[in-house]
Amino acid sequence: MLSKRAGGVLLHPTSLPGDYGIGDLGPECLHFINWLAEAGQNLWQVLPLGPTGYGDSPYAPFSSFAGNELLLSPELLAKAGLLTDAEKDAARLPATARVDFGTAIATRKPLVRLASRRYIESSGTSAEFSVFKTEQAAWLDDYVLFMDIKEEYDARAIAEGVEDSSWNQWWPPALAGRNPAALEARRTEHAGRLEERRAAQFLFHQQWHAVRQAANSAGIRIIGDLPIFVAMDSADAWAHPELFMLDEKGKPLEVAGVPPDYFSETGQLWGNPLYRWQKHQETGFSWWTSRMQAILSLYDIVRIDHFRGLQAFWAVPAGEKTAEHGTWKKAPGKELLGALKAALGGNIPVIAEDLGFITDEVRALRDDFQLPGMRILQFGFDASESGKGLDPHNPFLPHNYTAASVAYTGTHDNDTMAGWLAQASSEERRFLEAYLGHIPDNPVWAVIREIYKSVAAFAVVPMQDMLGLGPEARMNEPGTIGNNWAWRMQPGAASQSLARDLRQLAVMYARTDR
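Under this note's numbering, the first residue of the sequence shown carries the number 2, and numbering increases by one thereafter.
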């Protein structure tokens with residue numbers, strides 16, 4: 002996987018520009034791929050592509066297997082004859098610098114449903130659609146049923162002023178508890194709507210695979226994210242409660258998070274249900290194998306978010322208000338990765354997100370399976386990261402990188418580089434100046450150069466840093482809800498001049514062969 006040096010850009014498809022309120026898989030996506038190729042880039046990293054749930058976070062999707070229908074391109078649907086030009090044009094939204102998820106969902110959902118219905122009417126018995134339904138049935142049938150029920154109960158919860166409409170709150174409990182007769186009755190009564198949802202997933206996979214094929218044809222590999230945990234309110238937890246630490250009513254016994262760290266003084270309380278690892282081992286990790294096979298059908302390389310949770314995870318008793326009072330519990334990471342390696346026929350193309358509280362055991366797990374880790378340049382200059390001040394031996398400084406690593410200026414969870422520089426202490430700025438030899442006119446581009454010339458095999462830079470944008474362009478602030486995941490790149494921002502500058506870096510530091 003790391004046989005050649007490469008450079009790339011981190012940008013989620015929702016952040017692409019366009020006329021429909023949210024970035025999608027249409028012409029702007031293909032334009033961006035062409036821009037990456039022009040800029041000499043070999044990697045495009047995206048965030049998870051699943052259907053977003055609470056807080057619009059791609060890391061809390063309603064399914065670990067499904068695609069986000071908001072990413073379907075109205076222009077491509079119209080080109081396929083599934084929407085009229087008038088219907089497509091009516092869905093246009095005013096250009097904005099941020100995604101208004103509420104408006105985007107309200108506008109896009111009816112459009113997707115209409116296109117899906119027309120696809121069924123015109124091509125619903127096509128061999129390609131039939132094969133898709135058969136091959137994906139293990140997750141697809143549960144997902145479409147879950148979303149069908151959830152849509153009804155969410156509407157009821159809103160009408161009744163109920164805050165929690167998670168599946169374990171559905172009433173009467175026959176559907177929440179997956180009573181076979183109740184589920185079968187629902188399937189029969191809502192057969193048409195369920196088929197529309199299947200068609201929407203098929204259309205998503207068609208559009209995304211066209212994107213991936215275009216990227217690969219241009220010599221670009223796509224890096225995707227695998228969130229280590231699933232959302233509580235997800236088809237995964239509803240369809241397979243036996244695989245998670247849930248009680249007989251579907252309520253979590255303990256939830257996921259991380260203890261106090263660089264990002265939060267009280268830790269991060271994610272609230273995801275934890276795995277019942279013994280059950281996974283008894284099944285030979287079959288659910289995980291299916292999940293990895295599904296994600297590798299979308300991406301060329303997979304970044305496992307919170308990799309350390311495969312060695313040990315922070316378990317917080319359900320009901321706690323913060324993540325401070327948890328305990329570390331062991332996970333069978335070695336057995337899991339061994340099973341995945343055997344099932345997939347060799348080394349798995351995985352990047353280990355080895356950030357936060359990392360122990361020798363986590364490093365050993367990463368190295369035993371020859372997985373590259375991550376190096377975040379911001380952490381190298383951040384005096385508060387370790388609590389010990391600035392240190393030339395800090396592993397996040399470029400001169401301490403290893404070849405078996407992926408270097409970033411920052412990730413989706415960091416402030417932009419310009420935002421970080423604006424808030425850096427005088428001590429941090431002095432250290433940065435000493436490290437660079439001077440403070441250049443464009444310090445953001447100077448630190449991008451540092452990771453490009455480092456020994457790290459891959460160098461990946463968020464598009465916001467490529468553009469030199471400030472904190473207004475931050476993608477996510479961990480531990481907060483609202484105002485996250487919404488940044489959008491402006492039309493024309495990915496310019497030819499920027500591509501030329503980036504190509505020069507890629508050529509200078511042997512990160513391109515084009």
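By construction, the Cβ of each residue, glycine as well, lies at the ideal position given by its N, Cα and C atoms.
Query, Result
"Taking DSSP's pairing of strands, which residues face L26 in a bridge?", "DSSP lists no partner for L26."
"Go to T135, then tell me how far its beta strand (DSSP E) extends in each direction, as first and last residue.", "Unbroken run through T135 is the alpha helix (DSSP H), A128 to E136; no beta strand (DSSP E)."
"If you measure between the beta carbons of A340 and T412, is that distance less than 8 Å?", "no"
"Please give the ranges of any alpha helix (DSSP H) in the segment 304–348, keeping only runs that are unbroken, at least 4 residues long and fully inside the region.", "334–345"
"If we count the other Cβ atoms within 10 Å of its Cβ and call it buried at 16 or more, is E29 buried or exposed?", "buried"
"Let me know if P75 comes out buried or exposed under the rule of 16 or more other beta-carbons within 10 Å of its beta-carbon.", "buried"
"Can you find at least 3 beta carbon pairs, one from the segment 360–378 and one from the segment 424–432, that sit closer than 8 Å?", "no"
"With H, G and I counted as helix, E and B as strand and the rest as coil, what does DSSP make of W288?", "helix"
"Using the three-state DSSP reduction, which class does R475 fall into: helix, strand or coil?", "coil"
"Please report the distance separating the alpha-carbon of N485 from that of S16.", "12 Å"
"Sorted by chain position, which residues of the same chain lie with C-beta nearer than 6 Å to A507's C-beta, five sequence neighbours on each side aside?", "G8, G41 and T513"
"Taking 8 Å as the CB-CB cut-off, is S131 touching chain B?", "Checking the listed chains, one finds no chain B in this structure; it contains a single protein chain."
"My assumption, with CB atoms under 8 Å, is that W315 sits in contact with V259. Please give the rounded CB distance.", "5 Å"
"What are the residues that DSSP puts in a beta bridge with M375?", "V407"
"My assumption, with CB atoms under 8 Å, is that S363 sits in contact with R304. Please give the rounded CB distance.", "Before going further, note that residue 363 is Val rather than Ser in the sequence given. So it is not a contact: roughly 15 Å between Cβ atoms."
"Cutting at 7 Å between CB atoms, please list the residues of its own chain near R119, excluding the five before and the five after it.", "L83"
"Could you check where the beta strand (DSSP E) with A257 kicks off and where it finishes?", "E255 to V259"
"Only counting runs of 3 or more residues, tell me where the beta strand (DSSP E) segments fall wholly within the segment 396–474, in order along the chain.", "406–409 and 459–463"
"Quick one: what's R93 bridged to in DSSP?", "In the DSSP output, where bridge partners are listed per residue, R93 has none listed."
"Check whether the Cβ atoms of G272 and T323 sit closer than 8 Å, and answer yes or no.", "no"
"Are the beta-carbon atoms of R99 and R504 separated by less than 8 Å?", "no"
"Pick out the complete beta strand (DSSP E) segments inside the segment 46–83, 3 residues or longer, and give them in chain order.", "none"
"Is V163 buried or exposed, if buried means 16 or more other CB atoms sit within 10 Å of its CB?", "exposed"
"Would you call the segment 144–153 and the segment 223–240 in contact, with 3 or more CB pairs under 8 Å?", "yes"
"Between A219 and A211, what straight-line distance do the alpha-carbon atoms span, to the nearest angstrom?", "12 Å"
"Relative to the C-alpha of P181, which residue among W45, D143, A460 and L71 is closest?", "D143"
"Under 7 Å Cβ to Cβ from V448, same chain only, skipping five residues before and after it: list those, please.", "L378, T410 and M418"
"Return the chain-ordered list of same chain residues with a C-beta closer than 8 Å to the C-beta of S124, the five sequence neighbours on each side being excluded.", "F130"
"Within a Cβ cutoff of 7 Å, which residues of the same chain sit near V351, ignoring the five residues on either side of it in sequence?", "V303, I305 and L372"
"By how many angstroms is the C-alpha of S498 removed from the C-alpha of P274?", "47 Å"
"Using CA atoms only, rank isn't needed, just tell me which of V47, S65 and A61 is closest to Q294.", "S65"
"Verify whether the separation of the beta carbon atoms of L94 and G193 is less than 8 Å.", "no"
"Taking E197 as the reference, give the member of V10, K250, A116 and R109 with the closest Cα.", "A116"
"Going by the CB atoms, is the gap between R6 and A458 shorter than 8 Å?", "yes"
"Rounded to whole angstroms, what is the Cα-Cα separation between K330 and V231?", "18 Å"
"Considering N217, what are the terminal residues of the alpha helix (DSSP H) in which it resides?", "A192 to S218"
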